[in-house]
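Chemist: Sharing a structure with you now.
There are 2 protein chains.
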Amino acid sequence: MPKVGMEPVRRKALVDAAMRVIGDHGSLTVTMSEIAKQAGVSPALAHHYFGSKEQLLIETVRVHLQRLRDSVVTALRAATTPREKLSAVIRVSFQADQFAPETIAAWLAFYAEAQRSEETRRFLVIYARRLHSNLVANLKALCPAEDAGRIAEGAAAMIDGLYIRQSLKSAPISTEASIALTEGYLTTHLNALKG
Amino acid sequence: MPKVGMEPVRRKALVDAAMRVIGDHGSLTVTMSEIAKQAGVSPALAHHYFGSKEQLLIETVRVHLQRLRDSVVTALRAATTPREKLSAVIRVSFQADQFAPETIAAWLAFYAEAQRSEETRRFLVIYARRLHSNLVANLKALCPAEDAGRIAEGAAAMIDGLYIRQSLKSAPISTEASIALTEGYLTTHLNALKG
DNA sequence: TATTTTTGATTGACTGATCAATCAATAAAA
DNA sequence: TTTTATTGATTGATCAGTCAATCAAAAATA
Numbered sequence: 001m002p003k004v005g006m007e008p009v010r011r012k013a014l015v016d017a018a019m020r021v022i023g024d025h026g027s028l029t030v031t032m033s034e035i036a037k038q039a040g041v042s043p044a045l046a047h048h049y050f051g052s053k054e055q056l057l058i059e060t061v062r063v064h065l066q067r068l069r070d071s072v073v074t075a076l077r078a079a080t081t082p083r084e085k086l087s088a089v090i091r092v093s094f095q096a097d098q099f100a101p102e103t104i105a106a107w108l109a110f111y112a113e114a115q116r117s118e119e120t121r122r123f124l125v126i127y128a129r130r131l132h133s134n135l136v137a138n139l140k141a142l143c144p145a146e147d148a149g150r151i152a153e154g155a156a157a158m159i160d161g162l163y164i165r166q167s168l169k170s171a172p173i174s175t176e177a178s179i180a181l182t183e184g185y186l187t188t189h190l191n192a193l194k195g
Numbered sequence: 001m002p003k004v005g006m007e008p009v010r011r012k013a014l015v016d017a018a019m020r021v022i023g024d025h026g027s028l029t030v031t032m033s034e035i036a037k038q039a040g041v042s043p044a045l046a047h048h049y050f051g052s053k054e055q056l057l058i059e060t061v062r063v064h065l066q067r068l069r070d071s072v073v074t075a076l077r078a079a080t081t082p083r084e085k086l087s088a089v090i091r092v093s094f095q096a097d098q099f100a101p102e103t104i105a106a107w108l109a110f111y112a113e114a115q116r117s118e119e120t121r122r123f124l125v126i127y128a129r130r131l132h133s134n135l136v137a138n139l140k141a142l143c144p145a146e147d148a149g150r151i152a153e154g155a156a157a158m159i160d161g162l163y164i165r166q167s168l169k170s171a172p173i174s175t176e177a178s179i180a181l182t183e184g185y186l187t188t189h190l191n192a193l194k195g
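Note that the protein sequences, when read in sequence, are chains A and B.
Its first residue numbered 1, the first sequence is counted upward by one per residue in full-length UniProt numbering.
Its first residue numbered 1, the second sequence is counted upward by one per residue in full-length UniProt numbering.
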């Protein structure tokens, strides 16, 4: 069994397992045992590689935000006009894997954790800022700069809010409807400025 | 000390203490001891009156949503026109005590808890539905029914989203700015329909 | 009115379970 | 032989929940 170079493999397996367990459980009060079991290793190994449960959770946030970022970058590259880039950002926010109930539950848990863990909070703040600046950058090509900031705030809030409402799983709003609401927000506000 | 009729007094003290401790802690992983201490009683007494920690937490959500509801009802009574009533709903959502960091942290924790506790989820769903129907009822007086539902979804999402973004405490959006964004959403979308 | 009984309020001390974290030991590669 | 991977067993701390005992007010009784 013991081969060399297992570290990156185990780290990835554990981080993925953590996300899955947290998503299923809908909470960060999951045990290292559960995570380790899901990853197919012993709890002791999880501690060996991550030092503590907190570190594993922080790493889990970091990795998943990084992946989300990669999706955004790819989608932005594929889009050409500013308006298309705005749509790309929105589309990625609501893409299937992100909008799955377990994923939403996990993000919600991380937002709650950010109240206690400075490092978790930092990552989420960075993500929020990046979303905002992506929106602003492209909005500036379509409206005055002073309006761009405001509209970006609104759009970002709407995206986050649609996640929250989705998390309650009552009257679930479809992906398409969520995208349509956010697109509608942008379009209507941009049109209003053109008068 | 032991007087008769303490039950309602203690229950209220414990529910208030729970909200405070959860808000400060930013999480539901608080101990009965902390809550009891904050309420000035022994942990055993908290168990005596609520049976379990879970019951106390559920009761805490229930009571605080009830208070929020009372605020909304009062604000709606004070408003006369549909447009004023819409503004009243928005204003209450962002009123000082609701928008305080500890309160936001507590709500966030409860939303996360709703992933696990069916009863907590039920209360939050009821609140979400009520917000939605308050919005729809008044929007219907200002635009076609088929648009009212959509606009209400958007406004509700924006309100929730502004809370989430507030919870990160970075680039905090002021109460006034939050109200302005939500009002702007309604106004702009209603105007767009009038063409 | 004085005395006894009952009842509600309250807690300290305890229990059992859970879990993060540690560590010494093993096994297989290099 | 040294290094890396891996785990079983264990520890120590934390907590929810229980329980028997106490205390004082209220109600009943004499």
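C-beta atoms are modelled at their ideal positions from N, C-alpha and C, and glycine is treated no differently.
Starting from the beta carbon of A109/A, find every residue of chain B whose beta carbon is closer than 7 Å, and list them in chain order.
Modeler: Indexing the first sequence from 1 puts residue 109/A at position 109. A112, listed in chain order.
Chemist: Using a Cβ-Cβ cut-off of 8 Å, state whether A192/A counts as contacting chain B.
Modeler: If you number the first sequence from 1, residue 192/A lands on position 192. Yes, its Cβ sits closer than 8 Å to a Cβ of chain B.
Chemist: From E183/B, L142/B and C143/B, pick the residue whose C-alpha is nearest to that of M158/B; which is it?
Modeler: Taking the first residue of the second sequence as 1, we reach residue 158/B at position 158. The shortest Cα separation from M158/B among E183/B, L142/B and C143/B belongs to E183/B.
Chemist: Excluding the 5 residues flanking I151/B on each side, which residues of the same chain have their C-beta closer than 6 Å to its C-beta?
Modeler: Position 151 of the second sequence, counted from the first residue, corresponds to residue 151/B. Only L139 and H189 meet the Cβ criterion.
Chemist: Is the number of C-beta pairs between the region 124-132 of chain A and the region 122-129 of chain B that are closer than 8 Å three or more?
Modeler: At 8 Å Cβ cutoff, the stretches do not touch.
Chemist: Kindly indicate if chain B contains any beta-carbon less than 8 Å away from that of E153/A.
Modeler: Translated into positions along the first sequence, residue 153/A becomes position 153. True, the Cβ-Cβ gap to chain B drops below 8 Å.
Chemist: Please report the Cβ distance between L56/B and A18/B, rounded to the nearest whole angstrom; I am assuming they are in contact, meaning their Cβ atoms lie under 8 Å.
Modeler: The residue given as residue 56/B occupies position 56 in the second sequence. The residue given as residue 18/B occupies position 18 in the second sequence. The Cβ separation is near 6 Å, so the contact holds.
Chemist: Could you compute how far the alpha carbon of T120/B sits from the alpha carbon of A112/B?
Modeler: Walking along the second sequence from the start, residue 120/B turns up at place 120. Walking along the second sequence from the start, residue 112/B turns up at place 112. Between T120/B and A112/B, the C-alpha separation is close to 10 Å.
Chemist: DSSP three-state label for P168/A, please.
Modeler: Here residue 168/A refers to the residue found at position 168 of the first sequence. Before going further, note that residue 168/A is Leu rather than Pro in the sequence given. It is coil, neither helix nor strand.
Chemist: Determine, for H189/B, whether the minimum Cβ-Cβ distance to residues of chain A falls below 8 Å.
Modeler: Stepping through the second sequence from its first residue, residue 189/B is reached at position 189. Closer than 8 Å to some Cβ of chain A, the Cβ of H189/B qualifies, so yes.
Chemist: In three-state DSSP terms, what is T31/A?
Modeler: Indexing the first sequence from 1 puts residue 31/A at position 31. T31/A falls in the coil class under three-state DSSP.
Chemist: Looking at L135/B and V89/B, is the spacing between their C-beta atoms short of 8 Å?
Modeler: Within the second sequence, residue 89/B is the residue found at index 89, counting from 1. Within the second sequence, residue 135/B is the residue found at index 135, counting from 1. In contact: V89/B and L135/B (Cβ atoms closer than 8 Å).
Chemist: D147/A and L193/A look like a contact to me (Cβ under 8 Å); what is the Cβ gap, rounded to whole Å?
Modeler: As a first step, residue 147/A is located in the first sequence; it is residue number 147 there, counting from the start. As a first step, residue 193/A is located in the first sequence; it is residue number 193 there, counting from the start. About 6 Å; that satisfies the 8 Å criterion.
Chemist: Which residues of the region 161-172 of chain B have a Cβ closer than 7 Å to any Cβ of chain A? Give them in chain order.
Modeler: Residues G161, L162, I164, R165, S167, L168 and S170.
Chemist: Should K12/A go down as buried or exposed, given a rule of 16 or more other Cβ atoms within 10 Å for buried?
Modeler: Numbered from its first residue, the first sequence carries residue 12/A at position 12. Under this definition K12/A is an exposed residue.
Chemist: Locate the alpha helix (DSSP H) running through T74/A, then write down its first and last residues.
Modeler: Translated into positions along the first sequence, residue 74/A becomes position 74. Segment K53 to A78, the alpha helix (DSSP H) holding T74/A.
Chemist: May I ask you to report which of helix, strand or coil DSSP gives M6/B?
Modeler: Translated into the one-based positions of the second sequence, residue 6/B becomes position 6. Coil at M6/B, not helix or strand.
Chemist: Measuring only between beta-carbons, confirm whether Q115/B sits less than 8 Å from chain A.
Modeler: Along the second sequence, one-based indexing puts residue 115/B at 115. At least one chain A Cβ lies under 8 Å of Q115/B.
Chemist: Count the other CB atoms within 10 Å of the CB of G5/B; is the residue buried (16 or more) or exposed (fewer)?
Modeler: As a position in the second sequence, residue 5/B is number 5, starting the count at 1. The residue is exposed, with fewer than 16 neighbouring Cβ atoms inside 10 Å.
Chemist: Under 8 Å Cβ to Cβ from Q166/A, same chain only, skipping five residues before and after it: list those, please.
Modeler: For the purposes of this step, residue 166/A is taken as residue 166 along the first sequence, with counting starting at 1. If we look at Q166/A and ignore the five residues flanking it on each side, its Cβ neighbours are F99, P101, I104, P172, I173 and S178.
Chemist: For the alpha helix (DSSP H) holding residue 200/B, just list the boundary residues, first then last.
Modeler: Residue 200/B is absent from the model: chain B starts at 1 and stops at 195.
Chemist: Should H64/B go down as buried or exposed, given a rule of 16 or more other Cβ atoms within 10 Å for buried?
Modeler: As a position in the second sequence, residue 64/B is number 64, starting the count at 1. Its Cβ being crowded by 16 or more others within 10 Å, H64/B is buried.
Chemist: Quick one: residues in its chain with C-beta nearer than 6 Å to the C-beta of K53/B, no 5 flanking neighbours on either side, listed in chain order?
Modeler: Locating residue 53/B in the second sequence gives position 53, counting from the first residue. Cβ within range, chain order: M32.
Chemist: Tell me which residues share the same chain as R20/A and place their Cβ nearer than 8 Å to its Cβ, disregarding the 5 neighbours each side in the sequence.
Modeler: Counted from its first residue, the first sequence places residue 20/A at position 20. Result list for R20/A: Q38 and E102, in chain order.
Chemist: If we count the other Cβ atoms within 10 Å of its Cβ and call it buried at 16 or more, is M1/A buried or exposed?
Modeler: In the first sequence, counting from the first residue as 1, residue 1/A sits at position 1. Residue confidence is low: M1/A scores 43 on pLDDT, short of 50, so the model does not pin down where it sits. No coordinate-derived value is stated.
Chemist: Quick one: what's got a C-beta closer than 6 Å to V72/A's C-beta in the same chain, skipping five residues either side?
Modeler: On the first sequence, residue 72/A is found 72 positions in, with the first residue counted as 1. Correct list, in chain order: V92.
Chemist: Residues of chain B with a CB under 7 Å from the CB of I90/A: which are they?
Modeler: Numbered from its first residue, the first sequence carries residue 90/A at position 90. Within chain B, no residue comes near I90/A; the closest Cβ sits about 13 Å away, beyond 7 Å.
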